[in-house]
Structure formats: C-alpha cells, structure tokens
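Worksheet: the structure to be examined is printed underneath.
Protein chains in written order, with our numbering: chain A, 1 to 279; chain B, 1 to 279.
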C-alpha cells in the first residue's frame, strides 16, 4: 500500500450526513484531496445488526482502498461504534479514524463539572459507544445520553433554523439542561456532544435553548482535527498550496445525493460530479 | 386456495405505519381475524427501486399466503403504488387491496370544487400514484401534491399534538391552503388526502391549520371500507360475533415493533405477541 502524501483521504458514511465531516476536513485541510462515499442505497445503518454494519463498512472501505487513499475516515456514528476494529484488521496499512473517539476526547477536555450530555440517534444512544469512549478517558464522568431522532428529519428537510427547529430543540433538551425547580441536587451538563453527523446543521437552534456557558462539541470539527494530527504525525500532509479536489461516490440516485448533500456540505454539489458505484 | 370466510385477513407494510390501517379494519370489522406483517428489517421502502419494492412485496405476501388468508391488504403507499399488479399476478386466487385507490375514490367523492390536495412522503408524491388514481376517476381534477416528510418522524416520535406538530403542519400546509393575498386566482383545495399511513396520527394537528370546510380523507378508513365491501361481495365476511384475533409478525426486533407499533395501533401490543419471521 502506497503511503504517498499526494493520495486522497477516503471518507464514508451511510448517506449524506457525513458531508458535515467532509466540510470540517475541507475547512481544516483545504489542500487535501478527498474521496467521499455515501452508501445511500443501504441506509439507515442505525437499525441494522452489528454484523451487517461491519460487513457494509468493510465493503465501503474496499471501494475507497481500491481507488487508493492515505487515510480512512468513518464519518458515521453507527459504523464508528462497531466497525473500527474490523476495518483496522481488514486494512492494517491504512490509518482508520472514526467520529466517536475524537468527540469523546473533546468532551473530556471541555468539561469542568464532569457532567457531559450526549445526543444522537436512538441507536447511537442505545448502543452506548460514547458512554464507553468517555468513560475510557474519564471513568468518573457523569454522562446523560438523550436520543433526538427528529433532528435527523429536520436536517434532511433543511429546516435547520426558525420556530420549528427551536421548538424541537427545547422539547428535547429542556429536561436535561433546565431541570424543574423541585428536582433535588440537579446535575446539569456543562458540555454537550453532538453525536450524530446530522446535528451540526442544527447547532444554532440547539444553542438557542442552552445557557451560554455550555460547550457544544461537534464531532465533525474534532474529527477533522484528529485527522490532521494523524497525517502530520505520519508525515502524510500535503503541501499547503492550491485547492484540494473532491470525488463523490454514491450507491443510489446521484440527483438526490447532490440535492440533499449540498445542504450538509454547505456548498452546491453538481449532479454530474457524483458517481454511482455498486458495492 | 381455500376461500373460507373464517380465514384471517392478511395485511403488510414496510413497518408499523400500516397499523393505522389495521386499526381502521378493527373498527370496521371487529370480528375478523387479522395477520399483520411489518417488514421492519428492510424499511424504508420509499427510497428503493420499483423492482426491489415489488420483490419485497411478493415476499411479504408469500409469508401471509403460506399462513392462509382470505384477502390481502397492502397497507403501504409505496408498495400500493408499484406492486398491486405483480401481487395480483402472483396470487390470482386472493383479492388484493392497496391504500391508494380507496383514498383516490374517497377524495373524488368528497371534493366539490375538484381541487384536491395530496400529502405523503417524498417518494409517494414524486411517484405520482395518487395523481394517476384520481385522474383515472376525475380527469379534470386539479391535484396539488405536497411532500410532508417530517410528519413521519413526528408520528414515530409520538409527538402528534402540541406546539411542534402544529408548527410543522402550518409550515407545510399554509402555502397550499392560505395563499398570499397577492396571488392571482388562487385555487384552494377543499379536500386533503392523507397519502401516508403515518399521517392519520397527525390529523388533529393538520386539522388545526385548515378551514373547517376542508374534508380530510384518511386512506386507512377508506381502505377498511373497501375491504369490507369486497369481502361482502365475495360472501367472505365473518359472522358478527366475538372479537377477532390479531397475529403480529415482524422481520426485525419484536420489542421495538411492540413499542412504536402501540402508538400507531392506538392500543398496547405486548412484545410476546410479536413473532419474528425471516423472509
């Protein structure tokens, strides 16, 4: 396996949500080339068994490795939770970085009262991957997980600000951050991990219902930082000149990928720039 | 194939949404036995290709036919739109009823100004099945389709009333039912078809943003009426005595089926009453 610094970074997700991670990578490393694969034909991963998700993740990685990459980013919380080790075993020559560990590390650095809120999809919260990752770093941390499934639909619909988004954020988060006055010794988190790639789009609405002192940890930004540090450690960063290229791959409907993906990336994706692949 | 009136009615859907159809069947025909299959392992159907949905629908039907049924209800808009004919070809001895045609018929009966609104998932609206079914009955009807994807997530989350549901309903429906005063010759539908099995749960929130004169057509209730009429026509109704039994089948996670399904059915489903099947 070539370890040439000129090779692209490979990124995959079950759909377009991981484009928030691509966006963060682009902001941190504008000169790097990236190949992004969204396995839209088989989403959602969150309701599928561990074995199936691992198998899908290895298939996505195989497509990216076939095209030659210098590092693999798993921009999907479900796959990060269950498939990091199978991926490292399948491709020992390639560094593999998921979104869970960087988010957990950033939360542990940010918290002062060791009370950390984690929001994600139902399956991410039920699976407990962030709990394990945070406790591995800070065994005494109090972790309050809360599924916020509707945020996914809001982000996909593009309703990321305004009255609806703020009402949904308030309904999910008020009990966690504004406990009723009768509650005995309420512990209020001072840090909130956005444990789903869709959620950074809703950060302003989420912020609107939190006290200013609460730190929001965006897995996308912290993952980009971890990727940069790993490339630098391995001497694989690209010279900082010019603008990196992005190749988009999807397993279903390039037009839909381009349309919904543009929202997550924050810049338009042209349909003719999206290549359909069969895993 | 036995055409015994004592056999159950078979119902399938991609998930739990079709339980609103089961609920309507139960209300219309409390003495009939029903076998309900929710293909939760492979949901959503709405983003999959026509061929794949047809294949899944025939597999669901095969499981129900194997258990012996007297009539098959396709309680899924996506499958109703693409798989009715393949199902009728695969099982010529069994009457097959989908949700699209009964909804279209009821809308055509209800409308006075021949302007009909249809709301559904993105794929149902884009596929145009309600448009075709309504135009086959009333070629001069004006049909205004509008995708309301967030209603699905709201119904699954159980947030079917209150401020969030009403704000979402207003945002989706105001442009259709309350056009800006500057609009020239605005045509406002006098009838609204709920073209998704999830939407009957949100009927009160939808009603809250409509003028009182607008008729809401609930596919579930009209489908139950059609099923009753077809059974009566064939002499297959059960004597009206006692209370019919329901068997629940799912292709993934009986606990989750029971939990979310109870909301759609309107009465509790016990986890031990749900049987896991492998198609």
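Ideal Cβ positions, reconstructed from N, Cα and C, are used throughout, including at glycine.
Since the model is a prediction, treat every value here as computed from it, not as a measurement.
Under a CB-based cut-off of 7 Å, is residue i close to chain A?
i: residue 164/B; result: yes
i: residue 176/B; result: no
i: residue 150/B; result: yes
i: residue 168/B; result: yes
Would a check of beta-carbon distances place residue i closer than 7 Å to chain B?
i: residue 279/A; result: no
i: residue 310/A; result: Beyond the ends of chain A as shown, which are 1 and 279, falls residue 310/A; an answer cannot be given.
i: residue 153/A; result: yes
i: residue 263/A; result: no
Give me the residue from the options with the minimum Cα distance to residue i.
i: residue 95/B; options: 227/B, 279/B, 250/B; result: 227/B
i: residue 114/B; options: 34/B, 245/B, 134/B; result: 134/B
i: residue 61/A; options: 119/A, 20/A, 39/A, 189/A; result: 39/A
i: residue 48/A; options: 81/B, 177/B, 43/B, 198/B; result: 43/B
i: residue 280/A; options: 57/A, 58/A, 128/A; result: Residue coverage of chain A in this structure runs from 1 to 279, which leaves residue 280/A outside it and unanswerable.
i: residue 154/A; options: 100/A, 196/A, 88/A; result: 196/A
i: residue 276/A; options: 255/A, 231/A, 4/A; result: 255/A
i: residue 241/B; options: 13/B, 142/B, 9/B, 29/B; result: 29/B
i: residue 176/B; options: 160/B, 210/B, 202/B; result: 210/B
i: residue 252/B; options: 34/B, 214/B, 41/B, 11/B; result: 41/B
i: residue 136/A; options: 185/A, 108/A, 152/A; result: 108/A
i: residue 56/A; options: 23/A, 70/A, 13/A; result: 13/A
i: residue 236/A; options: 23/A, 15/A, 32/A; result: 32/A
Cβ of residue i versus every heavy atom of the ligand FAD: is any distance shorter than 6 Å?
i: residue 14/A; result: Ligands in the displayed structure: none, and consequently the ligand FAD is not present.
Which whole-angstrom value is the C-beta distance of residue i and residue j, which I expect to be below 8 Å?
i: residue 37/A; j: residue 249/A; result: 4 Å
i: residue 146/A; j: residue 116/A; result: So it is not a contact: roughly 11 Å between Cβ atoms.
i: residue 75/A; j: residue 158/A; result: Between residue 158/A and residue 75/A the Cβ distance is about 20 Å, and since that is not below 8 Å, they are no contact.
i: residue 257/B; j: residue 20/B; result: With 8 Å as the limit, residue 257/B and residue 20/B do not qualify as a contact, their Cβ atoms being about 15 Å apart.
i: residue 193/B; j: residue 217/B; result: 5 Å
i: residue 121/B; j: residue 82/B; result: Actually they do not touch by this definition, with Cβ atoms about 14 Å apart.
i: residue 267/B; j: residue 190/B; result: Rounded, the Cβ-Cβ distance is 33 Å, inconsistent with contact.
i: residue 97/A; j: residue 58/A; result: In fact, because the Cβ distance is near 16 Å, the residues do not count as touching under 8 Å.
i: residue 280/B; j: residue 54/B; result: Outside the displayed span of chain B (1 to 279) sits residue 280/B, for which this structure offers no information.
i: residue 101/B; j: residue 279/B; result: With a Cβ gap of about 25 Å, residue 101/B and residue 279/B do not count as contacting.
i: residue 11/A; j: residue 34/A; result: 6 Å
i: residue 160/A; j: residue 90/A; result: Not a contact, Cβ separation roughly 36 Å.
Give the DSSP-derived three-state secondary structure of residue i in the structure shown.
i: residue 207/B; result: helix
i: residue 146/A; result: strand
i: residue 158/A; result: coil
i: residue 140/A; result: coil
i: residue 221/A; result: helix
i: residue 64/B; result: helix
i: residue 273/B; result: helix
i: residue 134/A; result: helix
i: residue 216/B; result: strand
i: residue 182/A; result: coil
i: residue 279/B; result: coil
i: residue 9/B; result: strand
i: residue 94/B; result: coil
i: residue 193/B; result: strand
i: residue 120/A; result: strand
i: residue 281/B; result: Nothing in the structure corresponds to residue 281/B, since chain B is present only between 1 and 279.
i: residue 128/B; result: coil
i: residue 40/B; result: helix
i: residue 81/B; result: helix
i: residue 165/A; result: helix
i: residue 111/B; result: coil
i: residue 234/A; result: coil
i: residue 73/A; result: strand
- Given 8 Å as the limit, is there contact between the region 213 to 228 of chain B and the region 151 to 170 of chain B, that is, 3 or more CB pairs closer than that? no
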